[in-house]
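Chains as they are written, first to last, in this note's numbering: chain A, 942 to 1156; chain B, 942 to 1156. Each residue gets a CB set at the ideal place from its N, CA and C atoms; glycine is no exception. Report on the structure given below.
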């Protein structure tokens, strides 16, 4: 069975959990406690040299970076295709995915917020302003790209793709930091559509077993 | 002919320039002056709703996000393959590419450094510390992943892939901010190997026509 090194609040792990569920693939979780720095310790670095969550283990293969994992699952497993069949469509889906994964999320993840607090002496309010600044900039771009054509009930036409898989965890994070997501109505309509699907709901942070243990 | 909205110092545009050169594709540059904020103005947002450089125009298609563009070129154009043929190899190359594009570069690009200066009142020395912190963290992970197996003369075996295309611009940036890149000998050996190739040299910032105009 596939094994996923995961943590309930990790956006990147959340993406992979959604993809596994959409593909109908059973997986076994192995929780890595990010707040305690378990991902930076020797045992886990032996699994994932990038010292980041998630890692997917498929037989003897250890795969990391959420988008690389999702593309791998899409290429090797049956089930609904998360990347379109045409190169232009694939480019559009990858572009929206990267807008989340390479423009918004890297500026707002835990290690950066910790650095702002510890090294730059920023207080909670200032960290919130930082968070919402990058989140708003990115979501405004996401909304413009949806309006630029190609979206339907989902980010790319009417079927779920990797772009939806990336969008949903970002909206969970945005709300946690009180971003005014109602400014992005097209984006939020698609988010709501995704959350009608069990594959998304079953992947969300509060549905993970370790959420209760984290308190 | 392909048209590339580019800027000589943009790492993401540098990646696409390398890929175009490796594929032997002629392209016409359209310079977007990032320091003057031209990418955030209406005419360019009409071209690229993400308001980021680069954009590649292929006929009626406007493509953005450098890795999405590179995968598109690889899927639609002949010439050396920048992604391996096997899914596991593709996952590894994408993972190394994303380590640069989603972990190192987003924290160190111009808009972030400007925010640190203007909004958080950080001086040049503090910005340098920030830059090198994330660059070192990412390059150390890159080095560990290379040591974990799979590398050869290049990041993935002995042929150039998208991982090399992402690595080279990051090293140019790292040096500009005085990162001690000699700490990463395996990575730097591959960088040196890449720089023996004309496709990389012809794409570098100082070789772009606008470099002279920028002074």
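Range of the contiguous beta strand (DSSP E) that encloses residue i
i, result
"residue 946 (chain A)", "943 to 947"
"residue 996 (chain B)", "996 to 999"
"residue 970 (chain B)", "968 to 972"
Contact belief for residue i with residue j at Cβ below 8 Å, rounded distance in angstroms
i, j, result
"residue 992 (chain B)", "residue 981 (chain B)", "5 Å"
"residue 1091 (chain A)", "residue 1052 (chain A)", "The Cβ separation is near 33 Å, so there is no contact."
"residue 959 (chain B)", "residue 1141 (chain B)", "6 Å"
"residue 1120 (chain B)", "residue 1073 (chain B)", "5 Å"
"residue 1007 (chain A)", "residue 957 (chain A)", "5 Å"
"residue 977 (chain A)", "residue 944 (chain A)", "Not really, about 20 Å apart at Cβ, beyond 8 Å."
"residue 1049 (chain A)", "residue 1075 (chain A)", "6 Å"
"residue 1069 (chain B)", "residue 1045 (chain B)", "Wrong, their Cβ atoms sit about 15 Å apart, outside the cutoff."
"residue 952 (chain A)", "residue 1126 (chain A)", "Actually they do not touch by this definition, with Cβ atoms about 22 Å apart."
"residue 1122 (chain B)", "residue 1011 (chain B)", "About 23 Å separates the two Cβ atoms, so there is no contact after all."
"residue 1061 (chain A)", "residue 1054 (chain B)", "At roughly 13 Å, the Cβ-Cβ gap does not stay under 8 Å, so residue 1061 (chain A) and residue 1054 (chain B) are not in contact."
Residue i classed as buried or exposed, judged by whether at least 16 other C-beta atoms fall within 10 angstroms
i, result
"residue 999 (chain A)", "buried"
"residue 987 (chain A)", "exposed"
"residue 1020 (chain A)", "exposed"
"residue 1065 (chain A)", "exposed"
"residue 996 (chain B)", "buried"
"residue 1015 (chain A)", "buried"
"residue 954 (chain A)", "buried"
"residue 1150 (chain B)", "exposed"
"residue 1148 (chain A)", "exposed"
"residue 919 (chain A)", "Outside the shown range of chain A (942 to 1156) lies residue 919 (chain A), about which nothing can therefore be said."
"residue 1102 (chain A)", "buried"
Distance CB(residue i)-CB(residue j) smaller than 7 Å
i, j, result
"residue 1047 (chain A)", "residue 1043 (chain B)", "yes"
"residue 994 (chain B)", "residue 1056 (chain B)", "no"
"residue 950 (chain B)", "residue 1146 (chain B)", "yes"
"residue 1144 (chain B)", "residue 1037 (chain B)", "no"
"residue 1031 (chain A)", "residue 964 (chain A)", "no"
"residue 1009 (chain B)", "residue 1035 (chain A)", "yes"
"residue 1097 (chain B)", "residue 1131 (chain B)", "no"
"residue 975 (chain A)", "residue 968 (chain A)", "no"
"residue 990 (chain A)", "residue 1089 (chain B)", "yes"
"residue 1028 (chain A)", "residue 1013 (chain B)", "yes"
Range of the contiguous alpha helix (DSSP H) that encloses residue i
i, result
"residue 1049 (chain A)", "1046 to 1049"
"residue 1129 (chain A)", "1126 to 1135"
"residue 1150 (chain B)", "1150 to 1155"
"residue 1140 (chain B)", "1139 to 1142"
"residue 958 (chain B)", "952 to 963"
What are the uninterrupted segments assigned as alpha helix (DSSP H) that are 4 or more residues long and contained completely in the stretch 1061 to 1104 of chain A, given in chain order?
Taking only runs of at least 4 residues, the alpha helix (DSSP H) segments lying wholly in the stretch 1061 to 1104 of chain A are 1065 to 1088.
Alpha helix (DSSP H) runs wholly inside the stretch 970 to 1045 of chain A, at least 4 long, in chain order
Listed in chain order, they are 983 to 988, 1007 to 1017, 1028 to 1039.
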